[in-house]
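Heads up, the thing below is written out as structure tokens.
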Amino acid sequence: MTLIVHHLANSRSQRVLWMLEELGLPYEVRRYERDATMLAPSGLKRIHPLGKSPIIEDGGRVLVETGAICEYLVERADGRLGPPAHRDDALRYREFVHYAEGSMMPVLLIKLVLDRLPLVGKIVARRFRPMIDVHLDYVERQLSDRPWFAGDVLTAADIMMSFHLEAARSRAGLDRSRPATLAWLDKIHARPAYRTALARGGPYDYA
Ligand SMILES: N[C@@H](CCC(=O)N[C@@H](CS)C(=O)NCC(=O)O)C(=O)O
């Protein structure tokens, strides 16, 4: 049975398509458009009660949470794109798989909400700026020290970080003052698997 990805437009689920392409696993994409308030359509709740994307269906199982899905796909691909052998790299891998959704996304989401509030939002957003910069500076240091988040090779940790850094470039001030991060984005966008995932997923505003 082919794995199905329930993919919401311009969302975190782009990462799952990219990962499947890197692994060469067959899959089917079901694309959903966002409603006028940018939320997912109610149809996604028929697949999983949270109604968020990504959701994958595989062999009768319904799985959610990008990090958990990435770990599942690593297992399914006999460890490919999983933690590197070197202990320090493996610990970095684990950190960034969790850091993406656990630490970086909450800050980006707060920024998104503040940007949508007239006036008050703009004042608070200025005060909030240093909290975003802490993350962008941390990431820049990591990518200045090594080519990929977990060392010398692409892993699921890079895939987890991709949407967040794409979103940061588009709406949270990630610019040329952080060249290692921008070079990393260019590098992932040039990968054939990334390009194929884009073509399969449909229009995506962040690449
Ligand atoms: N931590 C979850 C977050 C899932 C999530 O919030 N997905 C967003 C897509 S970026 C969504 O479905 N938003 C639409 C909505 O909340 O209705 C994950 O990584 O999968």
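So the working numbering is basically just the index in the sequence shown, starting at one, shifted up by 861. Positions of the beta carbon are idealized from the N, C-alpha and C atoms, including for glycine.
DSSP three-state call for residue i: helix, strand or coil?
i     : result
H1025 : helix
G940  : coil
H996  : helix
L1035 : coil
H868  : strand
H909  : coil
M966  : helix
P945  : coil
A901  : coil
G928  : helix
Y933  : helix
A1068 : coil
L980  : coil
D896  : coil
For residue i, which residues in the same chain have their Cβ closer than 8 Å to its Cβ, ignoring the five residues on either side in sequence?
i     : result
A1044 : L1004
L978  : V985
S1031 : D1066, Y1067
R1037 : L1043
Which stretch, first to last residue, makes up the beta strand (DSSP E) that contains residue i?
i    : result
R891 : 888-893
Any idea which residues DSSP pairs residue i with across the strands?
i     : result
E918  : I865, V923
W1009 : G1012
Leaving out the 5 sequence neighbours to the left and right, which residues in its chain are closer than 7 Å to residue i when beta-carbon positions are compared?
i    : result
L884 : L934, A938, R941, L942
R876 : T927, I1020, M1021, S1023, F1024
C931 : M880, V958, A1017, I1020, M1021
L911 : V925
A901 : L869, Y893, R895, G912, K913, S914
F989 : I971, K972, L975
Output the boundary residues of the alpha helix (DSSP H) element that contains residue i.
i     : result
G1062 : 1053-1062
A951  : 948-960
I873  : Correcting the residue identity first, residue 873 is Arg in this sequence and not Ile. No alpha helix (DSSP H) contains R873, which DSSP labels as neither H nor E.
D1047 : 1040-1050
Residues in its own chain within less than 6 Å of residue i by CB, not counting five upstream and five downstream?
i    : result
E918 : I865
P887 : T863
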